[in-house]
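Spelled out as structure tokens, the structure:
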């Protein structure tokens, strides 16, 4: 190829040769056929882009082998059977099913090609139908079209595989080994997303990682803190690492709006909603369940928004979120969704319905899983002469463990205790006149024989229930109740003295500015928070001692969140308010440690911790011998305290030096102006006020003179 010459060089050559370029018709010059003389065409970039668009690969095409070999007259029937099987697993392109025919015998060749819209649909179909038994003689062998070339290159003779050296991956939980036992949190403000250490000893955060425009909508930690998920127009991504945040996996899902992890972090559910072409139709919903580590789509669900809008508290475009609710524990064994008159429970081994059918429950309105056991609680409202009821169902046997009929029910809400020991059902009932309602609680003791149920009514059963919360890992719960601007807060225990099988009231706090309850993850401590209309009132309460530790305020606070250890609390003002955006970090007993202001503040999320590997007995032993373990940390705290004191001394010293420098500068200026002052004081040199005598001097000053002419006649009179 010839060397490319720039236009500047051409002008220089033409000037040297005395050639006037303006007199030359460049359009009349033609290059030899097939030769561009090293000058690229302006259209080449476009041609390259078109080539890239055409080269999409064959990742969305399947090859299905071991089909029956049929004559021409049975071709359409076999084609219909294959279409019916594979169209259930994804959208097949128009003309996307091709079954070759032998031109001589006019019989099919025993295989076909299927082209889906996306590679994800093709992968799912391969996994679901490989080994599918059409009849005794025909078991499908399904492969990706892209793999055929790989199979053709398999050598005839076996050779031992090359053993690659083991390369250890990054330790994704390295942050848990922090010597200072600090926790991390993520914040979003403006276009920036930051992960920070909560360095409470230094009373300030320490930056771990910062990235502008890391996400297009929000970020979310996985339930055990291993991954940080980001959301983009093309799909979702997870990030993690030992010392920084690297992208670990992408999950393709265009226009994704919501995501949800399974409790054990094995699966990721993504959701998108698409506007219909016909305005009369409802939005089209797409849900994908990905394997977190491999990025494969394990199962997808598609349909109208109406199909996913049953039950729950509502989400986007009327869809209740999360659509799928996972059974408790790290196994991620089951997930379920509610439909019209059914609860569909799936198992993750095959991602199909348990026993290939849903649980039929007429008029079922809501359900929830036990946090620790495969037990479902269902709520069915009244219908005709049938009373409302709450049922407990064991999975996978679908056996009903317990049922409680409820009468005159207006509404019902279920609250599981974090260990799955108790279930509280808040029941709003109509009075006899049907003009008003009152509230009571049905308390299920799940772990006890025959699951006994206890009824609890407040002292004033007409009190409105504003908030309810179980103590994590404990036996107590708190209720905010009352219709006054200052409602009451009551604490109850599922134990009564030596009787562990009876509920008892511990105390009632009268007239509190609170409408939300936030228990510490470790129990015992709780924050009585006054959000929205109460403008961020905070009361830090010790339930063991039934005593208020501190009262404070974070004006206009929108969020309150405990760190996973229960040592610190974050309160935040997000961008729903235009002023005072940012967050405060408090100690568990209500001491303000530090405050960070951030414009356009959107999110604050503590990084979750995985469950402890210590047994309950070991934890009790550590608590018993805490003084022995705490000596090390007390010494470290003292070192930090001395360091902070030294820093304070340095700060004060610097301020003093700045003050003295300013005084010296002022004295120098004062000396320079001495002559001017003497002149103004008629030669007096002293600046001491006591050396002067104060004299009062009267000064007359004519402000205005008016002249008035008086007529002569008037003066004679």
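Residue numbers (full-length UniProt numbering): 1 to 717. All residues carry an ideal CB built from backbone N, CA and C; glycine is no exception. Here the structure is a predicted model, which is why all the values come from computation and not from measurement.
Sort the options by Cα distance to residue i and report the nearest one.
i, options, result
"residue 193", "601, 682, 554, 613", "601"
"residue 149", "579, 58, 77", "58"
"residue 261", "242, 247, 282, 219", "219"
"residue 478", "459, 486, 526", "526"
"residue 747", "571, 305, 579", "Given that the chain is displayed from residue 1 to residue 717, the structure contains no residue 747 and the question cannot be resolved."
"residue 322", "331, 675, 309", "309"
"residue 504", "511, 510, 494", "494"
"residue 428", "701, 454, 365, 464", "464"
"residue 553", "280, 564, 530", "530"
"residue 116", "98, 107, 102", "98"
"residue 284", "458, 292, 274", "274"
"residue 294", "276, 535, 237, 110", "237"
"residue 593", "205, 566, 449, 520", "205"
"residue 290", "307, 269, 282, 279", "269"
"residue 561", "484, 187, 319, 354", "187"
"residue 509", "430, 170, 482", "482"
"residue 443", "449, 551, 454", "454"
Any idea which residues DSSP pairs residue i with across the strands?
i, result
"residue 144", "62"
"residue 288", "270, 300"
"residue 232", "235"
"residue 163", "DSSP, once it has assigned bridges, lists no residue as partnering residue 163."
"residue 684", "Paired residue(s): none; residue 684 is not in a bridge."
"residue 294", "Its beta-bridge partners do not exist; DSSP assigns none."
"residue 656", "DSSP output for residue 656 lists no bridge partner at all."
"residue 246", "240"
"residue 184", "197"
"residue 369", "376"
"residue 108", "101"
Can you say whether residue i is buried or exposed, counting buried as having 16 or more other CB atoms within 10 angstroms of its CB?
i, result
"residue 543", "buried"
"residue 686", "exposed"
"residue 338", "buried"
"residue 639", "exposed"
"residue 635", "exposed"
"residue 374", "buried"
"residue 471", "buried"
"residue 709", "exposed"
"residue 703", "exposed"
"residue 1", "Low local confidence applies: a pLDDT of 40 at residue 1 is under 50, so the model's placement there is unreliable, with the coordinate-based value given in what follows. That one is exposed."
"residue 528", "buried"
"residue 312", "In this prediction, residue 312 has a pLDDT of 47, which is less than 50 and means its spatial position is unreliable; what the coordinates show is noted afterwards. Burial call: buried."
"residue 717", "Only weak support exists for where residue 717 lies, its pLDDT of 49 falling under 50; the value from the coordinates is given anyway. Residue 717 comes out exposed."
"residue 300", "buried"
"residue 181", "exposed"
"residue 82", "buried"
"residue 91", "exposed"
"residue 53", "Caution applies to residue 53, whose pLDDT of 37 falls short of 50 and renders its modelled position unreliable; the model cannot decide the point."
"residue 364", "buried"
My understanding is that residue i touches residue j, with C-beta atoms under 8 Å, so please give their C-beta distance in whole angstroms.
i, j, result
"residue 569", "residue 581", "No, residue 569 and residue 581 are not in contact; Cβ-Cβ is about 18 Å, not under 8 Å."
"residue 172", "residue 241", "7 Å"
"residue 390", "residue 376", "The pair is not a contact, with the Cβ atoms about 11 Å apart (cut-off 8 Å)."
"residue 185", "residue 606", "5 Å"
"residue 183", "residue 563", "5 Å"
"residue 272", "residue 297", "13 Å between Cβ atoms; not a contact."
"residue 439", "residue 461", "7 Å"
So, using beta-carbon positions, are residue i and residue j closer together than 8 Å?
i, j, result
"residue 69", "residue 142", "no"
"residue 588", "residue 604", "no"
"residue 214", "residue 226", "no"
"residue 517", "residue 451", "no"
"residue 549", "residue 555", "no"
"residue 369", "residue 402", "no"
"residue 120", "residue 252", "yes"
"residue 133", "residue 89", "no"
"residue 360", "residue 347", "no"
"residue 108", "residue 67", "yes"
"residue 422", "residue 468", "no"
"residue 381", "residue 409", "yes"
"residue 221", "residue 208", "no"
"residue 515", "residue 446", "no"
"residue 86", "residue 114", "yes"
"residue 137", "residue 62", "no"
Does residue i get closer than 8 Å to chain C when you measure Cβ to Cβ?
i, result
"residue 558", "Of the chains in the structure shown, none is chain C; there is only one protein chain."
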